[in-house]
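Chemist: To convert, take the position in the sequence shown, counting from 1, and add 82; that gives our numbering.
All residues carry an ideal CB built from backbone N, CA and C; glycine is no exception.
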Amino acid sequence: MRFNVIVKPKEAVLDPQGNAVRDAMRHLGMPEVKSVRIGKYMEINLDSKDGNLEKRLHNLCRDLLSNPVIEDYELQNTPVSDQRSAASTKDKAARETRGQRMNGEKRESKRKSMRKTKSVRTRLRSAKARRERKSSK
Numbered sequence: 083m084r085f086n087v088i089v090k091p092k093e094a095v096l097d098p099q100g101n102a103v104r105d106a107m108r109h110l111g112m113p114e115v116k117s118v119r120i121g122k123y124m125e126i127n128l129d130s131k132d133g134n135l136e137k138r139l140h141n142l143c144r145d146l147l148s149n150p151v152i153e154d155y156e157l158q159n160t161p162v163s164d165q166r167s168a169a170s171t172k173d174k175a176a177r178e179t180r181g182q183r184m185n186g187e188k189r190e191s192k193r194k195s196m197r198k199t200k201s202v203r204t205r206l207r208s209a210k211a212r213r214e215r216k217s218s219k
């Protein structure tokens, strides 16, 4: 059996990480982004078919995987097909290599955007300093 767990901040709770991502997306050319909420996603594979299993998983999600004061969780039971579980080792290795390559590309892209962000901040600070010098004269 496979269960998917999705943990998100409650709607009433501020999400500063989501706000930072939203602002970065707007800065990088997507002004139509209204909001972003950052959460966690987990896949749990189990060998048991115990009838009490789902209740125990709900308790685990509430007590361990989420903070019930500020987060909500969703537990989804996903059937595992024999084809997916019988994936060959070669295919798995190819997916991992592709994932590592994508992570490297994402890191490089993030570095470039951080450089852009720093240069924009530097220009804004310089302009602000010039305005302050003019106003103080």
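Would Arg104 pass as a contact of Val115 if the rule is Cβ separation under 7 angstroms?
Modeler: The count along the sequence shown starts at 1 and reaches residue 104 at position 22. The count along the sequence shown starts at 1 and reaches residue 115 at position 33. Taking 7 angstroms as the Cβ cut-off, Arg104 and Val115 qualify as a contacting pair.
Chemist: Using 10 angstroms around the beta-carbon of Tyr123, count the other beta-carbons present and answer buried if the total reaches 16, otherwise exposed.
Modeler: As a working note, residue 123 is residue 41 in the sequence shown. Exposed.
Chemist: Can you look up Lys116 in the DSSP assignment and give me helix, strand or coil?
Modeler: Here residue 116 corresponds to residue number 34 of the sequence shown, with the count starting at 1. In the structure shown, Lys116 sits in coil (DSSP, three-state: anything other than H, G, I, E or B).
Chemist: Between which two residues does the alpha helix (DSSP H) holding Val103 run?
Modeler: Mapped onto the sequence shown, residue 103 falls at position 21. Val103 -> alpha helix (DSSP H) spans Pro98 to His109.
Chemist: Please report the residue range of the alpha helix (DSSP H) in which Glu136 lies.
Modeler: Stepping through the sequence shown from its first residue, residue 136 is reached at position 54. Residues Leu135 to Leu142.
Chemist: Put Gly156 into one of helix, strand or coil per three-state DSSP.
Modeler: As a working mapping, residue 156 is identified with position 74 in the sequence shown. Note on identity: in this sequence residue 156 is Glu, with Gly being the wrong assignment. Three-state DSSP puts Glu156 in a strand.
Chemist: Going by the CB atoms, is the gap between Lys90 and Arg108 shorter than 7 angstroms?
Modeler: Along the sequence shown, read from residue 1 onward, the residue named residue 108 stands at position 26. Along the sequence shown, read from residue 1 onward, the residue named residue 90 stands at position 8. Cβ distance not < 7 angstroms, so Arg108 and Lys90 don't count as in contact.
Chemist: With a threshold of 16 other CB atoms inside 10 Å of the CB of Val87, please say whether the residue is buried or exposed.
Modeler: Locating residue 87 in the sequence shown gives position 5, counting from the first residue. That one is buried.
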